[in-house]
Amino acid sequence: MRLSKDKTSLIYNQFLTLSGIPPDTYEYRLGNRSALEWVIDQYQVSTDKRSGITNDPNREDDPQYILRLIGQVITVSLETVKIVRSLPPLGLPEEKSPTSPAVNLE
Numbered sequence: 337m338r339l340s341k342d343k344t345s346l347i348y349n350q351f352l353t354l355s356g357i358p359p360d361t362y363e364y365r366l367g368n369r370s371a372l373e374w375v376i377d378q379y380q381v382s383t384d385k386r387s388g389i390t391n392d393p394n395r396e397d398d399p400q401y402i403l404r405l406i407g408q409v410i411t412v413s414l415e416t417v418k419i420v421r422s423l424p425p426l427g428l429p430e431e432k433s434p435t436s437p438a439v440n441l442e
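The following block contains the structure:
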């Protein structure tokens, strides 16, 4: 599973590509990555080199689970961005630049 270079498509496997991912999806971030990028990173089939144990997030009882999760993450990301954009400014004073002193010692 990986994103296309322009991040508008998700290549799920060799048979399935999800297209039309809105750019605003990537504005909702968890740390330094978008929620979608986090899911793509965490929901990969991987094998530990040392132990040989395979971690497969696919669920035999629900083969559509990851696809549904991706759709839900995109929806939540877009709705969150829409809500945040609609919020009024906090009205906090602007931060001083790092070069200006925070305290006047005179």
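With the numbering used here as the guide, the letters of the sequence shown map in order to residues 337 to 442.
Even for Gly, the Cβ is constructed at its ideal location relative to N, Cα and C.
Small disclaimer: the values here were computed from a predicted structure and weren't measured.
Distance between residue j and residue i (C-alpha atoms, nearest Å)
| i | j | result |
| --- | --- | --- |
| Trp-374 | Pro-429 | 33 Å |
| Gln-380 | Lys-343 | 18 Å |
| Arg-395 | Tyr-401 | 7 Å |
| Pro-424 | Thr-361 | 21 Å |
| Gln-408 | Tyr-348 | 15 Å |
Simplified DSSP assignment, three categories, for residue i
| i | result |
| --- | --- |
| Leu-372 | helix |
| Ile-347 | strand |
| Arg-386 | coil |
| Asp-377 | helix |
| Leu-405 | helix |
| Leu-352 | coil |
| Asp-360 | helix |
Environment of residue i [buried if 16+ CB atoms lie within 10 Å]
| i | result |
| --- | --- |
| Ser-370 | buried |
Cβ separation of residue i and residue j, assumed to be a contact under 8 Å, to the nearest whole Å
| i | j | result |
| --- | --- | --- |
| Ile-376 | Arg-338 | 7 Å |
Among the options, the one whose alpha carbon lies nearest that of residue i
| i | options | result |
| --- | --- | --- |
| Ile-419 | Ser-340, Glu-363, Ser-345, Pro-393 | Glu-363 |
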